[in-house]
Amino acid sequence: MQQPCDLLITADLLLTQDADRRIIEDAAVAVTSGTVSALGSRSALAHMLAKDHLHLRRSLLMPGLVNAHTHVAMAFFRGLADDLPLMEWLTRHIFPREKHLSAEIVQLGAQLGCAEMIRTGTTAFQDMYLIESAVAVAAAKAGLRCRLGEAIFAFPSPAYATPQEAYALVRDQAARYKNHPLISVAIMPHAVYTTTPDILTACRDLAFEFDLPMHLHLAETAEEVQTCLAMHKRRPVEYCRELDLLSPRTSIAHGVALTDAELDILALTRTCVAHNPRSNMKLASGAAPVPGMLARGMLPGLGTDGPSSNNSLNMFAEMSACALLHKLHSMEATVCPAQTVLDMATLGSAAALHLPQLGRIAPGAPADLVALDLDSPNFQPLYNPVSHLVYAASGHEVSLCMVDGKILYKDGAFVSLDYPVLLSEAQKLKKWVLDRKN
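Take 6 as the starting number for the sequence shown in the numbering used here and just add one per residue.
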């Protein structure tokens, strides 16, 4: 009996990331109302009566990658002040310029970042920055899925003058995007060293009030630990635990400077971690104890951090860096194998966004899909698709990017963005940055 669907996609290989990690040859995926309605071999889906067909010749179809932590609009700072320690980079080059931000600048920067993510196979991201409503506009126009939050500080930002104004802004964002198909909100205090106990507890209470996730930078560097000890007589994890911030609704970015006891706390409280290996390496922050997380049954998410501290939003590059960093750091070649790293970039990151329906291709899951060209030279010969995705892919093998069943990029052309116009706007961003040195 024929079964209707909106779109039937066929590909040589289908990497499902389902519970069995099935890889299906000569595969097909049916999409109905933006959702995967069936999948299997092409012959098994021969009964599907599709309104439209998309035949991806010599392609691998897989779930879109999920970026668990970034500041996407910071694309306008990419390459501005490299090769500096984190706090010097922030206080001397980033924070002074961010005082002058406008919604227009943030939206343009976010559009550039969205273009990079679409081009390299990311379909969802978690974003913390300033004037986040402008990021929401950029993400929605680009067609990407985004969990966003206004960064909340103890000092004024371009979006608010006081923490109380920040809370009101977050309340407005939570109401505005409550039922949005692509945009969702989280409560995002920036970090322990840029907030106060009162701010952190107020953010915790907001998260409970609106039943929203919470996301913050935590234990990114040894310097942060020393600052927290000086300010609060506690290490960051203990400080946050005493404020009742650690829970299944919380995800932390970085988690580099962690002891074994702190890993136990994170595992016990089921706090998610968003690992950012390239940024941590570039800023010499250290190597997060990811093997220790995995040993405790935790599956960290994977994120790029911002495009000014990475300097990339490419999740394929992040996967490779993750696997190689931890093999070297542990001096053990079996640490962080390819399948585990791919799990981090899909299922682990989806959990960090508190959007567990993402990161897999299964009936009922959103049709957030990407395809890669199997004829790419760096994919020859193909023994293990998962290995190639982590160790061989650059991200530029991506030939298709789709969110909610809508094509955002196909065969070298952006569908959801006017990229030539965006390129010209990027020159305005460069001039804006260079004109604001303090």
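Note that beta-carbon positions come from the ideal geometry of N, C-alpha and C, so glycine has one too.
### Message
Let me check one thing: in DSSP terms, what residues is SER189 bridge-paired to?
### Response
The residue labelled residue 189 in the question sits at position 184 within the sequence shown. Under the DSSP definition of a beta bridge, SER189 partners with ARG152.
### Query
DSSP three-state call for GLN231: helix, strand or coil?
Sequence index remark: in the sequence shown, residue 231 carries index 226 (1-based). In this structure, DSSP gives GLN231 a helical state, which the three-state scheme calls helix.
#### Entry: Contact set for VAL346: own chain, Cβ-Cβ below 6 Å, skip 5 residues either direction
In the sequence shown, residue 346 corresponds to position 341, counting from 1. Answer for VAL346: MET324, CYS327, ALA328, VAL395, listed in chain order.
### Message
To the nearest angstrom, how far is the alpha carbon of LEU95 from that of LEU89?
### Response
In the sequence shown, counting from the first residue as 1, residue 95 sits at position 90. In the sequence shown, counting from the first residue as 1, residue 89 sits at position 84. Going from the Cα of LEU95 to the Cα of LEU89 covers about 9 Å.
### Query
Which class does GLN385 belong to by DSSP, given the choice of helix, strand or coil?
Stepping through the sequence shown from its first residue, residue 385 is reached at position 380. Residue state, collapsed to three classes: coil.
### Task
For THR125, count neighbouring Cβ atoms within 10 angstroms of its own Cβ and tell me buried if that reaches 16, exposed if not.
Taking the first residue of the sequence shown as position 1, residue 125 is located at position 120. Note on THR125: 16 or more other CB atoms within 10 angstroms of its CB, so buried under the neighbour-count rule.
#### Entry: Span separating the alpha-carbon of HIS331 from that of LEU299
Stepping through the sequence shown from its first residue, residue 331 is reached at position 326. Stepping through the sequence shown from its first residue, residue 299 is reached at position 294. Cα to Cα, the separation comes out at about 12 Å.
### Query
Which residues share a DSSP beta bridge with CYS406?
Here residue 406 refers to the residue found at position 401 of the sequence shown. Listed as beta-bridge partners of CYS406 by DSSP are VAL375, TYR414.
### Message
If I measure Cβ to Cβ from PRO294 and keep anything under 7 Å in the same chain, skipping five residues before and after, which residues do I get?
### Response
Here the question's residue 294 lines up with position 289 in the sequence shown. The answer, listed in chain order, is LEU263, LEU268.
### Message
Based on DSSP bridge pairs, tell me the residues matched to SER64.
### Response
Translated into positions along the sequence shown, residue 64 becomes position 59. DSSP output for SER64 lists ASP378 as bridge partner(s).
### Task
Run the CB neighbour count on GLN22, radius 10 Å, all protein chains shown included, and call it buried at 16 or more, exposed below.
Looking up residue 22 in the sequence shown gives position 17. Under a 10 Å Cβ-count criterion, GLN22 is classified as buried, with 16 or more other Cβ atoms of the shown protein chains found around its own Cβ.
### Query
For ALA43, which of helix, strand or coil comes out of DSSP?
Along the sequence shown, read from residue 1 onward, the residue named residue 43 stands at position 38. Strand, per DSSP.
### Message
What does the alpha-carbon distance come out to for the pair ALA129 and SER189?
### Response
Counting from one through the sequence shown, the residue named residue 129 turns up at place 124. Counting from one through the sequence shown, the residue named residue 189 turns up at place 184. Cα to Cα, ALA129 sits roughly 11 Å from SER189.
### Message
When you measure from the CB of ASP203 to every non-hydrogen atom of the ligand FAD, does any distance come out below 7 Å?
### Response
In the structure on display, the ligand FAD does not appear, and there are no ligands present to speak of.
### Message
At the level of alpha carbons, what is the spacing between LEU85 and SER313?
### Response
One-based indexing of the sequence shown puts residue 85 at position 80. One-based indexing of the sequence shown puts residue 313 at position 308. Straight-line Cα distance between these residues: approximately 7 Å.
### Query
Opposite ILE14 in the DSSP bridges: which residues?
Within the sequence shown, residue 14 is the residue found at index 9, counting from 1. According to DSSP, which records beta bridges pairwise, ILE14 is partnered with VAL34, LEU59.
### Message
Could you tell me the alpha carbon to alpha carbon distance between TYR182 and VAL71, rounded to whole angstroms?
### Response
Residue numbering aside, residue 182 sits at position 177 when the sequence shown is read from its first letter. Residue numbering aside, residue 71 sits at position 66 when the sequence shown is read from its first letter. Rounded to whole angstroms, the separation of the alpha carbons of VAL71 and TYR182 is 20 Å.
### Query
Out of curiosity, what's the CA-to-CA distance linking ALA322 and MET6?
Counting from one through the sequence shown, the residue named residue 322 turns up at place 317. Counting from one through the sequence shown, the residue named residue 6 turns up at place 1. If I take the Cα positions, the gap works out to 44 Å.
#### Entry: Sufficient close CB pairs (3 or more, under 8 Å) joining the stretch 198-206 to the stretch 245-255
The stretch 198-206 vs the stretch 245-255: in contact.
### Query
With 16 other CB atoms within 10 Å as the buried threshold, where does GLY369 fall?
Within the sequence shown, residue 369 is the residue found at index 364, counting from 1. Under this definition GLY369 is an exposed residue.
### For PRO194, the nearest candidate out of VAL77, LEU223, ALA356 (CA to CA)
Sequence index remark: in the sequence shown, residue 194 carries index 189 (1-based). Nearest Cα to PRO194 within the set VAL77, LEU223, ALA356: LEU223.
### Query
Would the beta-carbon of ALA343 fall within 8 Å of that of SER284?
In the sequence shown, counting from the first residue as 1, residue 343 sits at position 338. In the sequence shown, counting from the first residue as 1, residue 284 sits at position 279. In this structure, SER284 does not lie closer than 8 Å to ALA343 by Cβ.
### Task
Can you have a look at ASP132 and say buried or exposed, based on whether 16 or more other CB atoms are within 10 angstroms of its CB?
Position 127 of the sequence shown, counted from the start, is the residue given in the question as residue 132. ASP132 should be labelled buried.
### Query
Between which two residues does the beta strand (DSSP E) carrying ALA258 extend?
As a position in the sequence shown, residue 258 is number 253, starting the count at 1. DSSP places ALA258 in the uninterrupted beta strand (DSSP E) bounded by 255-259.
### Task
Consult DSSP for ALA73 and reduce its assignment to one of helix, strand or coil.
Numbered from 1 along the sequence shown, position 68 holds the residue referred to as residue 73. Correct three-state label for ALA73: strand.
### Query
Okay, do the stretch 403-416 and the stretch 155-172 touch, 3+ Cβ pairs below 8 Å being the bar?
No, the stretch 403-416 does not touch the stretch 155-172.
### Query
Of the residues PRO296, SER42, THR40, which one's Cα is nearest the Cα of CYS337?
As a working mapping, residue 337 is identified with position 332 in the sequence shown. Note that residue 337 is Glu in the sequence shown here, rather than Cys. Nearest of PRO296, SER42, THR40 to GLU337, Cα basis: PRO296.
### Query
By a C-beta neighbour count over all protein chains shown, 10 Å radius and 16 as the cutoff for buried, is LYS435 buried or exposed?
Sequence index remark: in the sequence shown, residue 435 carries index 430 (1-based). With fewer than 16 Cβ atoms within 10 Å of its Cβ, LYS435 is classed as exposed.
### Query
Looking at the unbroken beta strand (DSSP E) that takes in MET92, where does it start and where does it end?
Residue mapping note: residue 92 aligns to position 87 of the sequence shown, counting from 1. For MET92, no beta strand (DSSP E) encloses it; the enclosing alpha helix (DSSP H) starts and ends at 91-94.
### Message
According to DSSP, simplified to helix, strand and coil, what is LEU352?
### Response
Translated into positions along the sequence shown, residue 352 becomes position 347. Residue state for LEU352 is assigned as helix, using DSSP reduced to three classes.
### Task
Look at the alpha carbon of SER64 and the alpha carbon of ILE28, and state the distance between them as a whole number of angstroms.
Within the sequence shown, residue 64 is the residue found at index 59, counting from 1. Within the sequence shown, residue 28 is the residue found at index 23, counting from 1. Here the alpha carbons of ILE28 and SER64 stand approximately 13 Å from one another.
### Message
Taking 7 Å as the limit between beta carbons, can you name the residues of its chain near MET2, skipping five residues before and five after?
### Response
Here the chain comprises residues numbered 6 to 443, so residue 2 is not present and cannot be evaluated.
### Query
Can you give the Cα-Cα distance for ASP348 and ASN315, rounded to whole angstroms?
Start at 1 with the first residue of the sequence shown, and residue 348 comes out as number 343. Start at 1 with the first residue of the sequence shown, and residue 315 comes out as number 310. Their backbone Cα atoms lie some 21 Å apart in a straight line.
### Message
Let me check one thing: in DSSP terms, what residues is PHE130 bridge-paired to?
### Response
Translated into the one-based positions of the sequence shown, residue 130 becomes position 125. Paired residue(s): ASN72, CYS151.
### Task
Starting from the Cα of PHE100, find the closest Cα among PRO161, SER404, ASN184 and give me that residue.
One-based indexing of the sequence shown puts residue 100 at position 95. When each option's Cα is compared against that of PHE100, the closest is PRO161.
### Query
How would you label THR75, buried or exposed, when you count the other beta carbons within 10 angstroms and need 16 or more for buried?
Here residue 75 corresponds to residue number 70 of the sequence shown, with the count starting at 1. Using a 10 angstroms sphere on the CB of THR75, the tally of other CB atoms reaches 16 or more, which defines it as buried.
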